[in-house]
Amino acid sequence: MTTVLISGLGLIGSSVARIIKDGNSEADIIGSDPDDGSAQFLLDHRIIDEREEFAEAAPKADVIVLAGPVSVIVAQIDILSKLPLKDGALITDVGSTKQVIMNEAKKLTQPGIGFIGGHPMAGSHLTGGENGSAKLFAGSKYFLVTGSQTDRQLRELQKLMKSANVEWITTTAETHDKLVSELSHVPHAVAAALVNSIADSLKDDPVGLNAAAGGFKSTTRIAASDPKMWTSIMMSNSTEISREIQSFQQELSELQAAIKNQDADKIFKTFVKAQKIRKSLDK
Numbered sequence: 000m001t002t003v004l005i006s007g008l009g010l011i012g013s014s015v016a017r018i019i020k021d022g023n024s025e026a027d028i029i030g031s032d033p034d035d036g037s038a039q040f041l042l043d044h045r046i047i048d049e050r051e052e053f054a055e056a057a058p059k060a061d062v063i064v065l066a067g068p069v070s071v072i073v074a075q076i077d078i079l080s081k082l083p084l085k086d087g088a089l090i091t092d093v094g095s096t097k098q099v100i101m102n103e104a105k106k107l108t109q110p111g112i113g114f115i116g117g118h119p120m121a122g123s124h125l126t127g128g129e130n131g132s133a134k135l136f137a138g139s140k141y142f143l144v145t146g147s148q149t150d151r152q153l154r155e156l157q158k159l160m161k162s163a164n165v166e167w168i169t170t171t172a173e174t175h176d177k178l179v180s181e182l183s184h185v186p187h188a189v190a191a192a193l194v195n196s197i198a199d200s201l202k203d204d205p206v207g208l209n210a211a212a213g214g215f216k217s218t219t220r221i222a223a224s225d226p227k228m229w230t231s232i233m234m235s236n237s238t239e240i241s242r243e244i245q246s247f248q249q250e251l252s253e254l255q256a257a258i259k260n261q262d263a264d265k266i267f268k269t270f271v272k273a274q275k276i277r278k279s280l281d282k
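Numbers 0 to 282, taken from numbering that gives the first Met the number 0, label the letters of the sequence shown in order.
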């Protein structure tokens, strides 16, 4: 029997638990989370088998999945580096940035202990363990950043997660962080800024945001995501995100100038290019 510790039982961590249970019914899953509600929900629905404190459960686990915010993952790696872990234990994470995590993982020097960075490119604006799903990652890319794991440990992780139905992609921490800053982190920053800007502009309007329709709601849906998690992401990938925001600001400034100057050709070409690229994502 494989014992799996999942630390962080929110949307992603609880989805990992469901995925592992779906494909490995014999696995014993220990959950660790300070949120009593999420933990109890998962216990009641037999998605996890036990709930324990992180430092008490870690030495019992064959596989440890760190599924909290990036700042928590980093702190927990430091804790793990000082614990007597099982020989051959594999540690992985699902954090949205990789460089800071992979650097911290160098502390895991115990013989036989393997670490591999991970990040499923999937999620939802919904939060909490009750909103997790065994199908949340289906069809998504799942990034792996090679660390100290052996080939056997890598195969073990992929076997545990087989029912996730993901495409595994191995990359470097640097490449990963640049890519996700462009495809995930900056869109979240833009959505949050747009919601706050429009809300401030309409604060004295009696109708205000109540008139928001599909376009505004679709564009800003991700702004409803967990603020604690996204603060941690922004802090951990600040260099790449800042660089991409600057690039976005330049693109937006050029469109603003075209609108101000009534440059119909520039405006049209901007929308044609965006339309073509966006449609290609649905193929």
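For each residue, glycine too, the CB sits at the ideal point set by N, CA and C.
Spatial neighbours of residue i within its chain, please: C-beta separation below 8 Å, excluding the five flanking residues on both sides.
| i | result |
| --- | --- |
| ILE221 | HIS124, PRO186, HIS187, ALA190 |
| ILE258 | ILE266 |
| VAL194 | THR219, ALA222 |
| SER37 | LEU8, GLY9, SER13, GLY127, GLY128, GLU129 |
| ALA286 | This structure does not reach residue 286, given that the chain is present from 0 up to 282, and the question cannot be answered. |
| GLN284 | An answer regarding residue 284 cannot be provided, because it is not within the stretch 0 to 282 covered by the chain. |
Could you tell me whether the Cβ atoms of residue i and residue j are closer together than 8 Å?
| i | j | result |
| --- | --- | --- |
| ILE28 | ILE11 | no |
| SER180 | GLU243 | yes |
| GLN148 | ILE115 | yes |
| GLY94 | ILE72 | yes |
| PHE142 | THR170 | yes |
| ASN164 | GLY138 | yes |
| THR91 | LEU156 | yes |
| VAL144 | HIS184 | no |
Please classify residue i as buried or exposed, where buried requires at least 16 neighbouring CB atoms within 10 angstroms.
| i | result |
| --- | --- |
| HIS44 | exposed |
| ASN236 | buried |
| ILE78 | exposed |
| PHE53 | buried |
| ILE240 | buried |
| SER279 | exposed |
| MET160 | buried |
| ASP199 | exposed |
| ILE284 | Coverage of the chain is limited to positions 0 through 282, which leaves residue 284 absent and any answer about it impossible. |
| VAL69 | buried |
| LYS177 | buried |
Grab the span of the beta strand (DSSP E) containing residue i for me, first residue to last.
| i | result |
| --- | --- |
| LEU89 | 89-92 |
| ILE29 | 27-31 |
| PRO119 | 113-119 |
Keeping to the same chain, check which residues put their C-beta closer than 6 Å to that of residue i; ignore five residues upstream and five downstream.
| i | result |
| --- | --- |
| ALA133 | ARG17, ILE18, ASP21 |
| MET120 | SER139, LYS140 |
| ASP48 | ASP27, ILE28 |
If you follow the alpha helix (DSSP H) that residue i is part of, which residue opens it and which one closes it?
| i | result |
| --- | --- |
| GLU166 | Not the alpha helix (DSSP H): GLU166 falls in the beta strand (DSSP E), residues 166-170. |
| PHE142 | Here PHE142 belongs to no alpha helix (DSSP H); instead the beta strand (DSSP E) covers 140-144. |
| LEU79 | 69-79 |
| THR1 | Premise fails: THR1 is in no alpha helix (DSSP H) and is neither H nor E. |
By Cβ distance, which residues of its chain are closer than 7 Å to residue i, with the 5 residues on each side in sequence left out?
| i | result |
| --- | --- |
| SER217 | none |
| ALA57 | LEU4, ILE63, LEU79, LEU82, LEU84 |
| GLU51 | ILE29, SER31 |
Mind reading off the beta-carbon distance from residue i to residue j? Whole number of angstroms is fine, and I expect it under 8 Å.
| i | j | result |
| --- | --- | --- |
| LYS97 | HIS118 | 7 Å |
| LEU41 | VAL62 | With a Cβ gap of about 17 Å, LEU41 and VAL62 do not count as contacting. |
| LYS140 | GLU173 | Rounded, the Cβ-Cβ distance is 17 Å, inconsistent with contact. |
| VAL15 | ALA66 | 6 Å |
Please decide whether residue i counts as near chain D, where near means a Cβ-Cβ distance under 8 Å.
| i | result |
| --- | --- |
| LYS161 | The displayed structure is made up of one protein chain only, and chain D is not part of it. |
When every heavy atom of the ligand MN is checked, does at least one fall within less than 7 Å of the C-beta of residue i?
| i | result |
| --- | --- |
| LYS59 | You won't find the ligand MN in this model; it holds no ligand whatsoever. |
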